[in-house]
RNA sequence: CGGGGUGUGGCGCAGUCCGGUUAGCGCACCUGGUUUGGGACCAGGGGGUCGCAGGUUCGAAUCCUGCCACCCCGACCA
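Residue numbers (the working numbering): 353 to 842.
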């Protein structure tokens with residue numbers, strides 16, 4: 353085990369924290385519930401951003417930016433929306449500070465009270481729909497396909513690095529359409545973009561489905577989601593895409609004139625993923641030695657570690673490393689040559705394992721003699737000596753292979769931890785002994801879901817799209833149209 | 001917000017119960033040397049208003065009061 357990392361078996365939560373802190377991804381900050389994302393963590397987030405942004409652009413979206421602050425009155429316009437977010441909003445009430453007359457530093461200037469309080473956005477539907485009202489007159493103005501990269505604030509009771517912080521970074525797509533069908537199509541298109549990203553880039557298999565009424569986004573008609581399974585058997589909602597119907601158009605009076613000349617309310621969607629994806633990435637693949645990153649999201653894919661005794665030896669090794677390094681970079685592979693002489697190779701090996709660099713290439717005197725290089729892969733922790741002439745091809749293939757292997761491993765884990773339950777006893781046994789996803793019949797009522805949650809802490813993670821096996825609800829015995837996915841969740 | 005825990009050089013801790021010279025230890029850091037194929041070794045050195053604010057006392061890391069932050073387990077949530 354690596355120095356200072358708690359093992360998963362010992363304490364999974366502590367293991368997660370250790371990885372985040374020791375791999376240099378993020379730190380706690382001086383502000384309750386808020387984190388500092390450190391350069392290495394931010395570099396991974398940037399890789400996530402870049403790929404998603406490309407995918408959004410490829411599906412016809414444009415980026416824009418709306419204000420951080422939202423007038424309080426906007427929130428009350430959509431009833432279920434305000435109900436869902438009211439309990440976790442940060443509110444700006446004043447706009448000025450002044451010196452404390454009694455000499456104790458600085459205080460809020462009570463004379464500078466705002467006429468109308470401003471809410472720090474927990475999500476931007478309201479400010480955006482208030483704006484869309486000005487942008488939309490005719491069916492010719494539709495669709496509007498906009499995404500925003502932003503920070504939002506939700507005043508959570510209990511926070512955890514990346515998984516739930518009071519302030520987090522995310523993207524939120526907000527689209528406006530002339531027809532219901534087109535909006536639903538958009539909603540499903542984007543949840544599929546998320547699923548593709550999760551599986552192909554993050555190496556995390558996800559279930560796609562809809563949310564039950566209890567779990568649905570505040571203000572949505574239907575919420576589609578991707579659900580991932582973490583190594584401790586708990587589920588993590590990794591992305592959501594909402595069909596908002598005409599709720600926000602009605603709340604903000606956004607109408608358009610159709611081809612037929614009729615005035616109609618606009619149809620809406622919104623969809624988002626957040627820095628929570630970082631949490632998913634960490635928990636899905638990492639081990640007791642540290643972070644394991646899929647090559648496509650690793651800020652640096654290949655690190656070279658020289659092993660030498662003399663300066664002359666280092667010079668010879670450097671020559672070889674630099675040659676291989678530039679050949680790899682020509683192939684679009686990101687590399688780093690760690691020629692620090694202040695720490696020993698063993699220290700470097702451990703450090704790069706902790707940080708999850710996918711491939712490590714060590715070259716020493718023996719390799720110079722034999723024309724080889726020692727190539728170690730992070731996911732399996734295996735090493736192989738490879739002929740120097742073959743290193744470039746080997747690494748190109750290896751990175752692809754690792755991307756696949758990391759996904760395959762996570763997929764196998766999910767399959768091994770997905771079970772069917774036909775009785776409530778069976779259901780409870782699985783949750784207590786194996787955790788994971790449990791596929792079970794449910795009568796479709798919020799009351800039953802609520803009871804199951806109270807009794808087992810498990811919630812419906814999603815209602816899969818392609819499943820129509822009928823049966824009887826494990827809790828109420830009433831008829832069920834299909835199995836749904838239960839799990840304990842983050 | 002309820003239960004439990006923690007706060008002492010950058011990190012991890014001891015000391016606190018029972019107040020008393022100059023607050024220790026390991027890692028990290030700096031200098032010099034020897035080392036380098038899995039977290040090096042020796043020697044020398046630098047760094048701390050003991051979370052914050054009050055109070056008790058001749059004297060407070062230690063006792064009292066209040067506050068703050070963080071962690072773990074719940075309730076809430078992306």
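C-beta atoms are modelled at their ideal positions from N, C-alpha and C, and glycine is treated no differently.
A quick note: this is a predicted structure, and the numbers were derived from the prediction, not measured.
key: For residue 637, the three-state DSSP class (helix, strand or coil)   = Along the first chain, one-based indexing puts residue 637 at 285. Three-state DSSP puts residue 637 in a helix.
query = For the 8 Å Cβ check, are there 3 or more pairs between the region 714-722 and the region 634-654?
reply = no
ask   = Cβ atoms of residue 461 and residue 449: under 8 Å apart, would you say?
value = Here residue 449 refers to the residue found at position 97 of the first chain. Here residue 461 refers to the residue found at position 109 of the first chain. In terms of Cβ geometry, residue 449 and residue 461 form a close pair [threshold 8 Å].
key: Unbroken stretches of the alpha helix (DSSP H), 4 residues or longer, contained in the region 664-746   = DSSP runs (the alpha helix (DSSP H)) wholly in the region 664-746: 697-707 and 717-722.
ask   = Mind checking residue 832: buried by the 16 CB within 10 Å criterion, or exposed?
value = Looking up residue 832 in the first chain gives position 480. Classification of residue 832: buried, given that the 10 Å Cβ count is 16 or more.
task = Specify, as a first and last residue, the run of the beta strand (DSSP E) that residue 467 falls within.
result = Counting from 1 along the first chain, the entry for residue 467 is found at position 115. Note, residue 467: beta strand (DSSP E), 465-472.
query = Which stretch, first to last residue, makes up the alpha helix (DSSP H) that contains residue 379?
reply = Residue mapping note: residue 379 aligns to position 27 of the first chain, counting from 1. Premise fails: residue 379 lies in the beta strand (DSSP E), 378-380, not in any alpha helix (DSSP H).
request  = Please name the residue, chosen from 728, 840 and 721, that lies closest to residue 708 on a Cα-to-Cα basis.
outcome  = Start at 1 with the first residue of the first chain, and residue 708 comes out as number 356. Comparing Cα positions, the closest option is 728.
message = So, under 8 Å CB-CB, residue 622 and residue 530 are touching, yes? Tell me the CB distance rounded to an integer number of Å.
response = Here residue 622 corresponds to residue number 270 of the first chain, with the count starting at 1. Here residue 530 corresponds to residue number 178 of the first chain, with the count starting at 1. Wrong, their Cβ atoms sit about 17 Å apart, outside the cutoff.
Residue 425 to residue 482 span [Cα, whole Å] = For the purposes of this step, residue 425 is taken as the residue at position 73 of the first chain. For the purposes of this step, residue 482 is taken as the residue at position 130 of the first chain. Looking at the two C-alpha atoms, the distance is approximately 11 Å.
query = Which runs of the alpha helix (DSSP H), 4 residues or longer, sit entirely within the region 378-445?
reply = 391-410, 424-427 and 431-437
request  = Inspect the beta-carbon positions of residue 478 and residue 429 and report whether they are closer than 8 Å.
outcome  = By 1-based counting over the first chain, the position of residue 478 is 126. By 1-based counting over the first chain, the position of residue 429 is 77. Contact flag set, yes.
key: First and last residue of the uninterrupted beta strand (DSSP E) at residue 815   = Mapped onto the first chain, residue 815 falls at position 463. Run containing residue 815: 811-816, per the beta strand (DSSP E) assignment.
ask   = Expressed to the nearest angstrom, what Euclidean distance is found between the alpha-carbon atoms of residue 354 and residue 732?
value = As a first step, residue 354 is located in the first chain; it is residue number 2 there, counting from the start. As a first step, residue 732 is located in the first chain; it is residue number 380 there, counting from the start. Residue placement at residue 354 cannot be trusted, given a pLDDT of 46 that sits under 50; what the coordinates show is reported in the next sentence. Those two C-alpha atoms are separated by around 15 Å.
message = For residue 638 and residue 645, what's the separation of their Cα atoms in angstroms?
response = Numbered from its first residue, the first chain carries residue 638 at position 286. Numbered from its first residue, the first chain carries residue 645 at position 293. The straight-line gap from Cα to Cα measures roughly 8 Å.
ask   = Opposite residue 451 in the DSSP bridges: which residues?
value = By 1-based counting over the first chain, the position of residue 451 is 99. Beta-bridge partners of residue 451 (DSSP): 458.
inquiry  = Just to confirm the assignment, what range does the beta strand (DSSP E) spanning residue 648 have?
reply    = Sequence index remark: in the first chain, residue 648 carries index 296 (1-based). According to the DSSP assignment, residue 648 belongs to no beta strand (DSSP E), since it is labelled neither H nor E.
ask   = For the region 749-802, which segments carrying the alpha helix (DSSP H) assignment without a break, of at least 4 residues, lie completely within its bounds, in sequence order?
value = 776-785
key: Whole-Å CB distance - residue 601 paired with residue 617, under 8 Å assumed   = The residue you call residue 601 lines up with position 249 of the first chain. The residue you call residue 617 lines up with position 265 of the first chain. Right, the Cβ-Cβ distance comes to about 4 Å (below 8 Å), so this counts as a contact.
request  = Assign residue 492 to one of two classes, buried (16 or more other C-beta atoms within 10 Å of its C-beta) or exposed (fewer than that).
outcome  = Residue mapping note: residue 492 aligns to position 140 of the first chain, counting from 1. It is exposed - the Cβ of residue 492 has fewer than 16 other Cβ atoms within 10 Å.
message = Whole angstroms are fine: how far does the CA of residue 445 sit from the CA of residue 534?
response = Against the first chain, residue 534 aligns to sequence position 182. Against the first chain, residue 445 aligns to sequence position 93. Residue 534 and residue 445: Cα-Cα distance of roughly 40 Å.
task = Within 10 angstroms of the Cβ of residue 487, are there 16 or more other Cβ atoms? Answer buried if so, exposed if not.
result = Residue 487 sits at position 135 when you count from the first residue of the first chain. It counts as exposed.
ask   = Ends of the alpha helix (DSSP H) at residue 546?
value = Taking the first chain and counting its residues from 1, the one referred to as residue 546 is at position 194. It spans 532-548 - the alpha helix (DSSP H) in which residue 546 sits, taken as one unbroken run.
message = Within 8 Å, do at least three Cβ pairs link the region 662-671 to the region 748-768?
response = no
ask   = Any idea what DSSP makes of residue 574, helix, strand or coil?
value = Working through the first chain from its first residue, we reach residue 574 at position 222. Three-state DSSP puts residue 574 in a strand.
Own chain partners of residue 507 with C-beta closer than 7 Å, once the 5 adjacent residues on each side are dropped = The residue you call residue 507 lines up with position 155 of the first chain. For residue 507, where only same-chain residues beyond five positions count, the Cβ hits under 7 Å are 440, 441, 442 and 518.
task = Keeping to the same chain, check which residues put their C-beta closer than 6 Å to that of residue 526; ignore five residues upstream and five downstream.
result = Numbered from its first residue, the first chain carries residue 526 at position 174. Around residue 526: 480, 498 and 622.
task = Under 8 Å Cβ to Cβ from residue 588, same chain only, skipping five residues before and after it: list those, please.
result = Walking along the first chain from the start, residue 588 turns up at place 236. So the list reads 515, 579, 580, 581, 582, 628, 631, 632, 635, 841 and 842, once near-sequence residues are dropped.
request  = Give the straight-line distance between the Cα atoms of residue 392 and residue 513, rounded to the nearest whole angstrom.
outcome  = Along the first chain, read from residue 1 onward, the residue named residue 392 stands at position 40. Along the first chain, read from residue 1 onward, the residue named residue 513 stands at position 161. Roughly 15 Å separates the two Cα atoms.
inquiry  = To the nearest angstrom, how far is the alpha carbon of residue 615 from that of residue 576?
reply    = Walking along the first chain from the start, residue 615 turns up at place 263. Walking along the first chain from the start, residue 576 turns up at place 224. Whole-angstrom Cα-Cα distance: 29 Å.
key: Distance CB(residue 603)-CB(residue 436) smaller than 8 Å   = For this step, residue 603 is matched to residue 251 along the first chain. For this step, residue 436 is matched to residue 84 along the first chain. Cβ distance not < 8 Å, so residue 603 and residue 436 don't count as in contact.
task = Go through its chain and collect everything with a Cβ distance to residue 725's Cβ below 6 Å, but skip five positions before and after it.
result = To locate residue 725, count along the first chain from 1; it is residue 373. The answer, listed in chain order, is 713, 715, 719, 738, 740 and 743.
ask   = With C-beta atoms as the reference, is residue 814 less than 8 Å away from residue 563?
value = Mapped onto the first chain, residue 814 falls at position 462. Mapped onto the first chain, residue 563 falls at position 211. In contact: residue 814 and residue 563 (Cβ atoms closer than 8 Å).
ask   = Mind checking whether residue 559 and residue 528 have CB atoms under 8 Å apart?
value = In the first chain, counting from the first residue as 1, residue 559 sits at position 207. In the first chain, counting from the first residue as 1, residue 528 sits at position 176. Against a cut-off of 8 Å, the Cβ pair of residue 528 and residue 559 comes out as no contact.
Segment limits, alpha helix (DSSP H) that includes residue 508 = By 1-based counting over the first chain, the position of residue 508 is 156. Where residue 508 is concerned, there is no enclosing alpha helix (DSSP H), given that its DSSP letter is neither H nor E.
query = What's the C-alpha gap between residue 809 and residue 802?
reply = Translated into positions along the first chain, residue 809 becomes position 457. Translated into positions along the first chain, residue 802 becomes position 450. Between residue 809 and residue 802, the C-alpha separation is close to 9 Å.
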